[in-house]
Amino acid sequence: MQQLAIVDAVVKILKKAGFVVTDLVETKPRCFDIVARKDNTVLLLKVLYNIDSLKPEMAEEMKIVAKLLKASPIVIGEKFKFDYLERGVVYNRHGLPVINTATFYDFIVEGIAPMVYSAPGGYYVKLDNEKIREVREKLGISLGEMAKLLGVSRRTVKKYEEGIDTTVETALKIEEILGTYVIKAIDILNFVKDDVVEEEKVPSFSGEEAEIIEQLRIIGVKVYPIKHAPFDVVSKADDERILTGVKQVREIDKRASILGRISEVLSTKAAYIVEKKIKADVNSVVFVMKEELECVSSAKDFVSLLHEKLTSAKN
């Protein structure tokens with residue numbers, strides 16, 4: 001119930017800020033709970049009451065999906081261990097930025113970015129190193145004098161001017177000495193390192209599903225399997241990203257419906273490749289028969305097929 005209450009609050013915050021939103025609380029397991037978009041900003045949000053319950057494999061998959069869909073992954077929670085997350089502070093779990101609901105509201109609605117992050121040993125901030133050097137020199141304060149005023153070594157001051165982070169207390173002292181703001185906001189939209197996502201080399205499907213994946217690869221479609229999402233793979237064909245379903249389950253129509261909602265928010269194509277015809281009416285999802293796929297000879301033709309079927313369905 002606590003998680004559902006936070007999801008509800010986050011969705012309201014997003015809608016208040018003008019985001020198009022869909023939540024996935026009815027699907028399990030999932031590496032993200034909410035997908036939202038406003039203009040060019042796409043958010044993948046994982047909501048947890050206690051952030052310590054975030055599993056490493058879920059975090060890694062969330063980062064992969066975010067990278068493939070050009071989205072920003074953020075974890076929203078309220079507690080860790082026996083303490084509560086503080087407003088205006090960014091925490092880190094498995095390389096993902098973690099904030100509480102109040103901080104999310106400040107950022108999304110008020111446009112106030114967090115300035116402090118938590119790390120072993122306390123709270124830290126990022127410094128505008130160029131501004132520190134520029135103002136110090138303008139005021140005629142030498143490195144040695146600055147070091148004395150701060151109670152640190154000359155080498156440490158030099159490191160501040162080269163871009164090293166520092167504690168909140170030291171940053172406030174620097175601002176007092178220089179008479180200007182030098183603390184930089186934390187860019188939570190670009191928090192995750194821009195690692196290269198490699199195409200899955202080892203097949204993670206079997207039977208008919210493995211045959212579908214292999215056929216996609218044969219025609220030149222790059223396939224990135226996703227275990228914990230309403231779609232089974234993110235396909236890349238002819239520079240387009242396609243949310244793709246391949247699992248031949250009973251409730252394909254239900255999965256397709258959720259897949260369609262996500263694709264609408266992301267303004268991307270969605271396809272479900274099926275072994276036999278099914279009765280499903282999901283306008284934003286293109287259903288492709290496996291035998292149709294076998295007649296496609298290139299990734300470009302695959303995209304064209306999706307476009308033709310989507311246009312035909314709309315007409």
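For the sequence shown, counting from 1, position 174 maps to 174 in the numbering used here; every step adds exactly one. Glycine included, C-beta positions come from ideal geometry on N, C-alpha and C.
Query                                                                                                                                                             : Result
Closest to residue 82 by CA distance: which of 76, 110, 98, 51 is it?                                                                                             : 51
State the start and end residues of the unbroken alpha helix (DSSP H) segment that holds residue 104.                                                             : 101-108
What are the boundary residues of the beta strand (DSSP E) that residue 43 is part of?                                                                            : 41-47
Use the C-beta contact count for residue 46: other C-beta atoms within 10 angstroms, 16 or more gives buried, fewer gives exposed.                                : buried
Indicate the three-state DSSP secondary structure (helix, strand or coil) for residue 24 in the structure shown.                                                  : coil
Using a Cβ-Cβ cut-off of 7 Å (strictly less than) and excluding sequence neighbours within five positions of residue 49, which residues of its own chain qualify? : 2, 3, 6, 77, 78, 79
What is the rounded straight-line gap between the Cα of residue 220 and the Cα of residue 121?                                                                    : 49 Å
So, under 8 Å CB-CB, residue 161 and residue 129 are touching, yes? Tell me the CB distance rounded to an integer number of Å.                                    : 5 Å
Would you decide whether residue 23 is buried or exposed? Buried here means 16 or more other CB atoms lie within 10 Å of its CB.                                  : buried
For residue 226, which of helix, strand or coil comes out of DSSP?                                                                                                : coil
Where residue 277 and residue 304 are concerned, what is the direct C-alpha to C-alpha distance, given to the nearest angstrom?                                   : 20 Å
Cα separation between residue 85 and residue 157?                                                                                                                 : 31 Å
Look up residue 244 in the DSSP assignment and give the residues it is bridged to.                                                                                : 233, 271
If you drop the 5 nearest sequence neighbours on each side, which residues of the same chain put their C-beta closer than 7 Å to that of residue 229?             : 30, 31, 65
Consult DSSP for residue 56 and reduce its assignment to one of helix, strand or coil.                                                                            : helix
For residue 36, tell me which candidate among 18, 28, 53 has the shortest Cα-Cα distance.                                                                         : 18
Which term fits residue 61, buried or exposed, when burial requires 16 or more other beta carbons within 10 angstroms of its beta carbon?                         : buried
Are the CB atoms of residue 75 and residue 56 within a distance shorter than 8 Å?                                                                                 : no
Quick one: grab the DSSP three-state call for residue 190.                                                                                                        : helix
Determine the contact status of residue 123 and residue 116, defining contact as a CB-CB distance below 8 Å.                                                      : yes
With distances taken between CB atoms, is the gap from residue 249 to residue 241 smaller than 8 Å?                                                               : no
Alpha carbon to alpha carbon, what distance is there between residue 204 and residue 268?                                                                         : 24 Å
Any idea if residue 93 is buried or exposed, counting beta-carbon neighbours within 10 angstroms, 16 or more meaning buried?                                      : buried
Starting from residue 7 and walking both ways along the beta strand (DSSP E), at which residues does that stretch end?                                            : It is not in any beta strand (DSSP E) - residue 7 instead sits in the alpha helix (DSSP H) that spans 2-16.
Inspect the beta-carbon positions of residue 300 and residue 212 and report whether they are closer than 8 Å.                                                     : no
To the nearest angstrom, report how far apart residue 283 and residue 307 are at their CA atoms.                                                                  : 12 Å
Please state whether the Cβ-Cβ distance between residue 54 and residue 71 is less than 8 Å.                                                                       : no
So the beta strand (DSSP E) residue 75 belongs to, where does it begin and stop?                                                                                  : 72-76
What three-state label does DSSP hand residue 147 in the structure shown?                                                                                         : helix
Could you tell me which residues DSSP pairs with residue 96 in its beta bridges?                                                                                  : 93
In the DSSP assignment, find the unbroken beta strand (DSSP E) run with residue 124 in it and report its ends.                                                    : 122-127
Please list the terminal residues of the continuous alpha helix (DSSP H) segment that includes residue 34.                                                        : From DSSP, residue 34 is part of no alpha helix (DSSP H) but of the beta strand (DSSP E) over 34-38.
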